[in-house]
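Beneath this line is the structure, given in structure tokens, with notes to follow.
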Amino acid sequence: MTGGGFAVADAPSGDYGGGITFSVVVTCLMAASGGLIFGYDIGISGGVTAMESFLEEFFPGVLRRMAAARRDQYCVYDSHVLTAFTSSLYLAGLVASLAAGRVTRAVGRQAVMLAGGAFFFAGAAVNAAAVNIAMLIVGRMMLGFGIGFTNQAAPVYLAETAPAKWRGAFTTGFQLFLGIGNLAANLTNYGAARIPRWGWRLSLGLAAVPAAVILVGALLIPDTPSSLIVRGRVEQARAALRRVRGPRADVDAELEDVARAVEVARSNEQGAFRRILRREYRPHLVMAVAVPLFQQLTGVIVIAFFSPVLFQTAGFGSNAALMGAVILGAVNLGSALVSVATVDRYGRRPLFLAGGLVMIMCQVAVAWIMGSQIGRDGESAMARKYSVAVLALTCVFSASFGWSWGPLTWVIPGEIFPVEVRSAGQGISVAVNLGATFVLTQTFLSMLCSFKYATFIYYAAWVAVMTAFVVAFLPETKGVPLEAMGAVWARHWYWGRFVKVQQPPKNTDALIN
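Using the working numbering, the first residue of the sequence shown is number 246, and each one after it goes up by one.
So, in structure tokens, the structure goes:
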């Protein structure tokens, strides 16, 4: 069993006799619905910024550039204020995710998810009623607080609740709901774009619907056994574990292992954020930073945000570009289903590697098409067949991301951290994810204007780097109980020099009785 950066002798290796119960499915679906708000925001942002009524209201300079007789296709949407509208959310989310790491230990994961849903609901109302850019950005920051809290709590909730054998599939549910939210947002944008003057308000205001879903869902589920034990609520933890594992599971044995992990954490009491900087937590800290950072450096987030803008750059009209984004959202959802079905059968590493290779090929192909058709000056029109090819390649790229780096960025951090740094580690992971998203969304349109088609070569190079990183440094975690995860790092060719063996404490009976 794991004790921080330690592999504990006598680590558990089974599933305690439990299986997939109706209760664990419902509980995990409710928690995974936290992905809806993130997915809806990703989809809605790019679509709204492509609506002429929205641009006329807040960003008329972009409309003037679009109307110019000759224009650089790469630079039409290059507006710092426009990107500030999109990226302000992620700066707020970064702050919220770090704060949530501390709050979770005090009030539990369920309460943090409730807070996230409430912030997002309020932000949707402010954005829908916005009359100036300042109000838009305040609303976006409230949405960011909601996403920061929810993204910190929901993946770890899933990892702590799901049976070890199917933990990957259940945690991937977060990405599945993210895909559902993204597709719903793209469909909303496609319909709202046909409503003159206030269609953008409908798109932004309907963000309250996924917020309501996560609010109701969080109210209907218990907190995780690990979180309850940390706060001394042992009987509630036993009841919660019995509810999700079913009558045939050895609940007492699993509860004892969870309590043992908590006791190891308490025996080395220290601030979680300071603790994770210690040498024995080096692999956890590296993965907390590298995995979410690499996910953003695939370039998928800016493609998701700005897909309508990208498709307009590639030669589609406004409505056709929004329909292209709908198609992209459907592909993302389908690929998330593929990941759910395969992540616990084939493991994490094969999905990372297959996805990385396909993404590299797609981005190089998109760069070649845009370079040969639009040219360096961006003033050439792209033939229809090449525009369709860009859409097809973008869909294949998104599909490969959707079965690899998309869901696994939530799976890996959710399952690798020992209990004493789990909240802090997940907080760091989400903060890095949102911080990188902030930087990329703030700079993508300027990068597209400066690098032109080479923007996609830049991202392809990063995918090659991260694929090599997975080969060298990420061990396989398929089917490993959370309490035994330390042994995985102890056996690794590189990380084994940091993780050491520690005997489990002897006094856990009193803790759970």
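The beta-carbon is built from N, C-alpha and C at its ideal position, and this holds for glycine as well.
Backbone secondary structure at residue i - three-state DSSP
{"i": "Lys745", "result": "strand"}
{"i": "Trp707", "result": "helix"}
{"i": "Met296", "result": "coil"}
{"i": "Ala314", "result": "Model confidence at Ala314 stands at a pLDDT of 44, short of 50, so the residue's coordinates are unreliable; what they give is reported in the following sentence. Reduced to three states, the DSSP call for Ala314 is coil."}
{"i": "Glu525", "result": "helix"}
{"i": "Ile282", "result": "helix"}
{"i": "Thr469", "result": "coil"}
{"i": "Gly592", "result": "coil"}
{"i": "Glu721", "result": "coil"}
{"i": "Val376", "result": "coil"}
{"i": "Ile548", "result": "helix"}
{"i": "Leu381", "result": "helix"}
{"i": "Phe267", "result": "helix"}
{"i": "Ile289", "result": "helix"}
{"i": "Ile702", "result": "helix"}
{"i": "Pro257", "result": "Because Pro257 carries a pLDDT of 49, less than 50, the predicted location of this residue cannot be relied on, and no value is offered for it."}
{"i": "Phe539", "result": "helix"}
{"i": "Leu451", "result": "coil"}
{"i": "Gly426", "result": "helix"}
{"i": "Lys630", "result": "helix"}
{"i": "Gly680", "result": "helix"}
{"i": "Gly491", "result": "coil"}
{"i": "Trp411", "result": "helix"}
{"i": "Ser342", "result": "helix"}
{"i": "Phe696", "result": "helix"}
{"i": "Phe390", "result": "helix"}
{"i": "Arg439", "result": "coil"}
{"i": "Gly659", "result": "helix"}
{"i": "Pro726", "result": "coil"}
{"i": "Trp738", "result": "coil"}
{"i": "Gly670", "result": "helix"}
{"i": "Ile572", "result": "helix"}
{"i": "Arg478", "result": "coil"}
Close Cβ partners of residue i (< 8 angstroms) along its chain, the five nearest in sequence each way excluded
{"i": "Trp648", "result": "Ser580, Ala581, Val583, Ser584, Thr587, Leu596, Ala599 and Gly600"}
{"i": "Tyr704", "result": "Leu542, Thr543, Gly544 and Gln608"}
{"i": "Leu464", "result": "Leu359"}
{"i": "Leu381", "result": "Phe303, Phe330, Asn372 and Ala375"}
{"i": "Trp443", "result": "Ser298"}
{"i": "Leu432", "result": "Val571 and Gly574"}
{"i": "Leu522", "result": "Leu530"}
{"i": "Ile265", "result": "Pro408 and Trp411"}
Close Cβ partners of residue i (< 6 angstroms) along its chain, the five nearest in sequence each way excluded
{"i": "Ser472", "result": "Gly353 and Arg354"}
{"i": "Gly426", "result": "Leu281, Gly284, Tyr285 and Pro455"}
{"i": "Val293", "result": "Phe299, Trp445 and Ser448"}
{"i": "Gln481", "result": "Leu473"}
{"i": "Ala610", "result": "Leu638"}
{"i": "Met711", "result": "Phe539"}
{"i": "Ile702", "result": "Ala612"}
{"i": "Gln397", "result": "Ser342, Ala345, Gln671, Gly672 and Val675"}
{"i": "Trp707", "result": "Leu542"}
Short Cβ contact (8 angstroms threshold) for residue i with residue j
{"i": "Gly368", "j": "Lys723", "result": "no"}
{"i": "Ala533", "j": "Gly670", "result": "yes"}
{"i": "Thr416", "j": "Met358", "result": "no"}
{"i": "Phe642", "j": "Gln608", "result": "yes"}
{"i": "Ala763", "j": "Leu428", "result": "A question about residue 763 goes unanswered here, because the residues of the chain that appear run from 246 up to 758."}
{"i": "Phe419", "j": "Ala399", "result": "yes"}
{"i": "Tyr402", "j": "Thr682", "result": "no"}
{"i": "Ser668", "j": "Thr349", "result": "yes"}
{"i": "Pro537", "j": "Thr654", "result": "yes"}
{"i": "Gly424", "j": "Asn577", "result": "yes"}
{"i": "Val733", "j": "Val725", "result": "yes"}
{"i": "Met275", "j": "Gly569", "result": "no"}
Assumed close pair residue i, residue j - CB separation to whole angstroms, cut-off 8 angstroms
{"i": "Leu679", "j": "Ser342", "result": "6 angstroms"}
{"i": "Met604", "j": "Thr543", "result": "6 angstroms"}
{"i": "Ala295", "j": "Leu421", "result": "Contact flag wrong, Cβ pair sits at about 26 angstroms."}
{"i": "Arg594", "j": "Leu727", "result": "Their Cβ separation, rounded to whole angstroms, is 19 angstroms, which puts Arg594 and Leu727 out of contact at 8 angstroms."}
{"i": "Lys410", "j": "Asp589", "result": "7 angstroms"}
{"i": "Gly616", "j": "Gly346", "result": "Not quite, the Cβ-Cβ distance comes to about 43 angstroms (not below 8 angstroms), so this is no contact."}
{"i": "Gly393", "j": "Ala337", "result": "7 angstroms"}
{"i": "Gly362", "j": "Ile459", "result": "4 angstroms"}
{"i": "Ala370", "j": "Ala453", "result": "6 angstroms"}
{"i": "Gly391", "j": "Phe364", "result": "4 angstroms"}
Residues near residue i in its chain [Cβ-Cβ closer than 7 angstroms; skip 5 each side]
{"i": "Thr272", "result": "Thr406, Ile466 and Val489"}
{"i": "Leu486", "result": "Pro470, Val496, Glu499 and Leu500"}
{"i": "Phe662", "result": "His529, Gly670 and Gln671"}
{"i": "Ala634", "result": "Ile614"}
{"i": "Tyr739", "result": "Phe718"}
{"i": "Phe646", "result": "Thr543, Val545, Gly600 and Met604"}
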